[in-house]
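First to last, the protein sequences are chains A and B.
Heads up: the first sequence runs through residues 1 to 288, numbered per the numbering used here.
Heads up: the second sequence runs through residues 1001 to 1750, numbered per the numbering used here.
Don't be surprised by glycine CBs; every beta carbon is placed ideally from N, CA and C.
Because the structure is a prediction, the values reported are computed rather than measured.
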Amino acid sequence: MAVADYKAPSTVSEAVSLLASAQMKAKVMAGGTDLIIQSKSQTAEPLLVVDLKRIETMKDYQLTDEGLSLGPAMCCAEFTALEDVKAVYPGLTEAAYLIGSTQVQGRASVGGNLCNSSPAADTIPALIANGAQCVIEGPDGDRTVPVEDFVTGVGKNCLAANEILKRIVIPRPAPGTADAYLRFIPRTEMDIAVAGAGVSVTLDADGTCTAARVGIGAVAPTAMLVPAAAAALVGTKLDDTALEAAAKAASEASNPITDRRGTVEFRRHVVGVLVKRAAKIAQSRAQG
Amino acid sequence: MSEAQDYKYIGQRTIRPDGFDKVTGRASYGADLSLPGMIWGKTLRSPHAHARITRLDTSKAEAMPGVLAVAVHSDFAAVSDEAIQAGEGSANLIDLASNILAKNKVLYHGHAVAAVAAKTEALAEQALALIEVEYEVLPPVMTALAAMAADAPVLHDDMFTTGLEETPDKASNIANRVEFKIGDVEAGFAEADVIVEGTYKTPTCHQGYIEPHACTVRYDEDGQSMIWCCTQGHFDVRTSTAKLLGMELSKLKVVASEIGGGFGGKTTVYQEPVALILSKKSGRPVKMVMDRDEVQLATGPTSASHNWVKIGARKDGTITAMQGKFIYEAGAFKGSPVMMGCMTAFTPYEVPNLYAEGFDVVVNKPKVAAYRAPGAPQGEFAAEMAVNELAAKLGMDPIELRLKNAAKEGTQTIYGPKFKRVGLVECLEAARDSEHYKAALAENQGRGVASGFWFNVGGQSSVVINMNPDGTGTIVEGSPDIGGSRASMQMMAAEELGIPLEKLKPIVADTEMLAYSQGTGGSRTTFATGMAVIEAAQDVVRQLKERAAALWNVTAEQVDYADGVAYNTAGEDKMTCAEICSKADRTGGQITGRGNINARGAGPSFAVHICDLEVDPETGKTDVIRYTAIQDAGKAIHPSYVEGQLQGGAVQGIGWALNEEYVYSPEGKLENMGFLDYRIPVASDLPMIDTVVIEVPNAFHPFGVRGVGESGIIPPLAAVGTAAANAIGTHVTELPLSPPRVLKLVQEKG
Chain A
1 MAVADYKAPS TVSEAVSLLA SAQMKAKVMA GGTDLIIQSK SQTAEPLLVV DLKRIETMKD
61 YQLTDEGLSL GPAMCCAEFT ALEDVKAVYP GLTEAAYLIG STQVQGRASV GGNLCNSSPA
121 ADTIPALIAN GAQCVIEGPD GDRTVPVEDF VTGVGKNCLA ANEILKRIVI PRPAPGTADA
181 YLRFIPRTEM DIAVAGAGVS VTLDADGTCT AARVGIGAVA PTAMLVPAAA AALVGTKLDD
241 TALEAAAKAA SEASNPITDR RGTVEFRRHV VGVLVKRAAK IAQSRAQG
Chain B
1001 MSEAQDYKYI GQRTIRPDGF DKVTGRASYG ADLSLPGMIW GKTLRSPHAH ARITRLDTSK
1061 AEAMPGVLAV AVHSDFAAVS DEAIQAGEGS ANLIDLASNI LAKNKVLYHG HAVAAVAAKT
1121 EALAEQALAL IEVEYEVLPP VMTALAAMAA DAPVLHDDMF TTGLEETPDK ASNIANRVEF
1181 KIGDVEAGFA EADVIVEGTY KTPTCHQGYI EPHACTVRYD EDGQSMIWCC TQGHFDVRTS
1241 TAKLLGMELS KLKVVASEIG GGFGGKTTVY QEPVALILSK KSGRPVKMVM DRDEVQLATG
1301 PTSASHNWVK IGARKDGTIT AMQGKFIYEA GAFKGSPVMM GCMTAFTPYE VPNLYAEGFD
1361 VVVNKPKVAA YRAPGAPQGE FAAEMAVNEL AAKLGMDPIE LRLKNAAKEG TQTIYGPKFK
1421 RVGLVECLEA ARDSEHYKAA LAENQGRGVA SGFWFNVGGQ SSVVINMNPD GTGTIVEGSP
1481 DIGGSRASMQ MMAAEELGIP LEKLKPIVAD TEMLAYSQGT GGSRTTFATG MAVIEAAQDV
1541 VRQLKERAAA LWNVTAEQVD YADGVAYNTA GEDKMTCAEI CSKADRTGGQ ITGRGNINAR
1601 GAGPSFAVHI CDLEVDPETG KTDVIRYTAI QDAGKAIHPS YVEGQLQGGA VQGIGWALNE
1661 EYVYSPEGKL ENMGFLDYRI PVASDLPMID TVVIEVPNAF HPFGVRGVGE SGIIPPLAAV
1721 GTAAANAIGT HVTELPLSPP RVLKLVQEKG
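Okay, structure coming up:
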């Protein structure tokens, strides 16, 4: 791809109409940390870049009794510094904190991570664990899609060529709820998840888990919700038996490949370990 | 001799003279030179690991507007079958030419097939797509063992194994066999109470320098030419390129840019001769810059190896025999450093019976290049792992076992000479007595120790010191500065001249301004170029005395010189260096000191490392939690840069042990190009590498210097390997200890 034209509209509707009327292949850019690398590929196909960073509503947030409404293009450096958001969704904050390096986080965004739709994206399992909804604007208006249904394949999602992810909405968790996200990489940073797990648990007064959501990443073509892993946790006090059962369910639900970053056996095993460990962290946070 | 002597500069932590340019970004690296009218060169690379080129047609690319030249292998018409000095070994010219532009076969994924020069980088890229190549794809040979099989596809049908009693009449992938021995190992094993043996494997690893290879070249109408490039040895770039292109040395000027790492990998040529062909054909300056993928595909790496080692010892720990069979991959063309592997593996030990046999084997991977102590880490990994196994079997402390058998002054080496004074025992004692070695370990943690030996080299260095009329001077040297050597040269010259450090400016000159100097490699620069600097400074001092004598009407013998001041022993007169220089016009003209040497007497540097490592038994993740690198520097000229070399070597060795490896598909395609998936350690991955600098002076150097650049990469492989084995409670025989492999070891142990 070769960047042939660049537009920076100031509203989402304007951006949608630019996409709808584009005479060439068009790509939406938030931070550009994936797009710039992709545009260096050798094909000379002309590309229109529609930059969303001039649209204020793409970068703001509201945290209310209803929950979080996030502008998808807010950069991770800004997002991870939101102490009020971190207090409610610490796992999502830590997932966003793992994307790239300090420098990259000045550009990269949660929405960009989602729309790039890599199987290894760190924020997606954390968004799944939190029951996030994607609000999408197109020429015919808005529609809302649960985050686990947003990504449809490796690098693919449900956005039509003329649609834009304009909001990420996460319900406020019930009292006694907390989340956590863990990923496995062979080094400590500057790496991409070999496996990832986001877990949210809700505990009642005596510590029994009344609700849970488990999202796993980098172990299938898309990050996925694992209801069986959540079911293994609900009704228990997250004892070792329950955690092992959740780990097993996650391993069984995974569908990884062997590549330069890990083998099928390794990824299956490790994703279970991560679910178990993330659940324990979420538990200790929920017990505050 | 240097012992107990007070130095003014030697041993201080002075500010490096190249520091400002580097921290401000002003320093010019390989890709930083652009010239008027310059065009861009790009390389077409093989998508196959092993294939015959059945058709190569560049006509469409040549006809494309904006394309000014194309280069293919036949442009190296003048090349003869001769060996030349290249880096830390020698290379065959035909092999060198066939590596940088494939002849009639491509021998690895990424092998250069042709190059194009066009008005812009983008046009050059587009022109590559117009080059038509047809391949007859051949089965790839991806490991040394597969290559040695009787029915293996043969890479070179004209390669017959050398080093055998009889040269075979059938071509094979085994280029050469070497053998070293002292005593009788069978008799030694017969004396042993305990025997350990094992097979140890290491992967293909890259030097991982941050700066990709880059050059800008110009070939003028009158046959004069210039290469600007990042290299460890610009005089050797001149030799290789001139030979490949059939030029006289005086027609080719090579300028060494600042260099962003080399580690041995920038001691040979890749793009420079090709760029010069493109410049000659187009009449334009040509720039060629590799991207990271190209660096990993077609430069470096070091040999993967497959090594069998056997050691016998008495119950008291006396080693009676050591034997090894070392098989190293050379990559696509002969010339792995297996001989160095054989020479180093057992050398930290004084053992009467030693036998090392080595095989140099070609495979469908890039031709290996020197990498920091080339050949030593692989062989010493095998030997040191086996020594640690032996210690465990004997129930002996691994450092005590090493001390009992340590090489020292007078020890007969397997490769010939007996050691002069060496510092292994001091390093081992420092390790044994360290707080680190006594510290307790927690669950899932393990500790490993290992030694490392590297010869170090001397060689040819040329230095000129030009004194200015104000008493300042320029140190003109020919060794590209990779690790802070300009600072060391400045310190040694200031020490000899007795003048303030900042009065001397060290520079790395191009090949026209100075006589031949070998490249920066073999840990030779501070030692050998340092000796040339000292010689040049002494030459300046001699002339300063003569000039002062002339001004005082006495003989030079009547003049003393100390701390930058000349004294008339026949009177009361004295004159500073600056005063003598300011009057040089009256005493015969300006003063230049010279040092042209071929340094002998490089002192070996031994290293001993201690590694503590924690294993996560559920994921196989390893964390180095504490690390100490101990090494004999002879005399540390600039302690910070000595420590930096120890730390850098340790980090590279740890990366080699833990995560670095070339991952190939079954078709022989490299799958993990780039630093995302070729995992060198990042800063946050490792603890502070603690250092202990031992100083057992090298009697052959005026200040006692031993080279320190290489030994530090050797011990980490076995120190990390043993620490992991101890943490898990199992045996480790193969690197890297990447999480999937470690998890498997944990699970197999149960």
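When secondary structure is reduced to three states using DSSP, residue 1687(B) falls in the coil class, being assigned neither helix nor strand.
At a C-beta separation below 7 Å, residue 268(A) has no neighbours in chain B, since its nearest C-beta there lies roughly 11 Å away. Around the beta-carbon of residue 1711(B), 16 or more other beta-carbon atoms lie within 10 Å, marking it buried. Within chain A, no C-beta atom comes less than 9 Å from the C-beta of residue 1046(B); the nearest is roughly 16 Å away.
Counting only Cβ-Cβ distances below 8 Å, residue 192(A) has contacts in chain B at 1676, in chain order. The Cβ of residue 241(A) sits no closer than 8 Å to any Cβ of chain B.
Within the region 177-207 of chain A, contact with chain B at the beta-carbon level (separation under 8 Å) is assigned to 184, 186, 187, 188, 189, 190, 191, 192, 194. Residue 1734(B) is bridged by DSSP to 1201(B). A straight line joining the alpha-carbon of residue 1474(B) with that of residue 1539(B) spans about 14 Å. The criterion of a C-beta distance shorter than 8 Å is satisfied by residue 1608(B) and residue 1449(B). Residues of chain A with a Cβ closer than 7 Å to the Cβ of residue 1618(B) are, in chain order, 273.
Burial check for residue 1095(B): the Cβ neighbour count within 10 Å reaches 16 or more, so the residue is buried. Sorting 1063(B), 1456(B), 1158(B), 1512(B) by C-alpha distance to the C-alpha of residue 1248(B) places 1512(B) at the top. Close partners of residue 1366(B) in chain A (Cβ separation under 8 Å) are lacking, with about 17 Å as the shortest Cβ gap. Every alpha helix (DSSP H) of 4 residues or more that sits fully in the region 105-147 of chain A is shown, in chain order, as 110-116, 123-129. Counting of Cβ neighbours within 10 angstroms places residue 1301(B) among the buried residues, the total reaching 16 or more. Taking C-beta atoms under 8 Å as the contact rule, residue 1653(B) and residue 1697(B) fail to qualify, at a distance of about 26 Å. Pairing residue 1245(B) with residue 1328(B), the inter-Cα distance amounts to about 31 Å. Residue 1008(B) and residue 1447(B) have their C-alpha atoms roughly 40 Å apart.
For residue 1360(B), the number of other beta carbons within 10 angstroms of its own is at least 16, and it is reported as buried. DSSP assignment within the region 1425-1467 of chain B yields the following whole alpha helix (DSSP H) runs of 4 residues or more, N-terminal first: 1435-1438. For residue 1329(B), the enclosing beta strand (DSSP E) begins and ends at 1319-1331. CA-to-CA, the gap between residue 83(A) and residue 67(A) works out to about 15 Å. Along the length of the region 1038-1088 of chain B, whole alpha helix (DSSP H) runs at least 4 residues long occupy 1059-1063, reported in chain order. If you check the CB distance, residue 1127(B) and residue 1061(B) come in under 8 Å. Along the region 246-268 of chain A, the positions whose C-beta sits under 7 Å from a C-beta of chain B are 260, 261, 262, 263, 266, read in chain order. Residue 40(A) is classed as exposed because its beta carbon has fewer than 16 other beta carbons within 10 Å across all chains shown. Assignment of residue 1567(B) by DSSP, reduced to helix, strand and coil, places it in the strand class. Taking each of 1238(B), 1243(B), 1250(B) in turn and checking the Cα distance to residue 1223(B), the smallest one comes out for 1250(B). In the three-state reduction of the DSSP assignment, residue 1577(B) falls in the helix class, which pools H, G and I. The three-state secondary structure of residue 1302(B), taken from DSSP, is strand. Annotation: Cβ neighbours of residue 1684(B) in chain A (cutoff 9 Å, chain order): 187, 188, 189, 190. For residue 1344(B), the enclosing alpha helix (DSSP H) has its first and last residue at 1338-1344. Beta bridge pairing from DSSP links residue 165(A) with 136(A). In this structure residue 173(A) does not touch residue 234(A) by the C-beta definition: roughly 15 Å separates them, more than the 8 Å allowed. DSSP, reduced to helix, strand and coil, places residue 159(A) outside both helices and strands of the structure shown, so it counts as coil.
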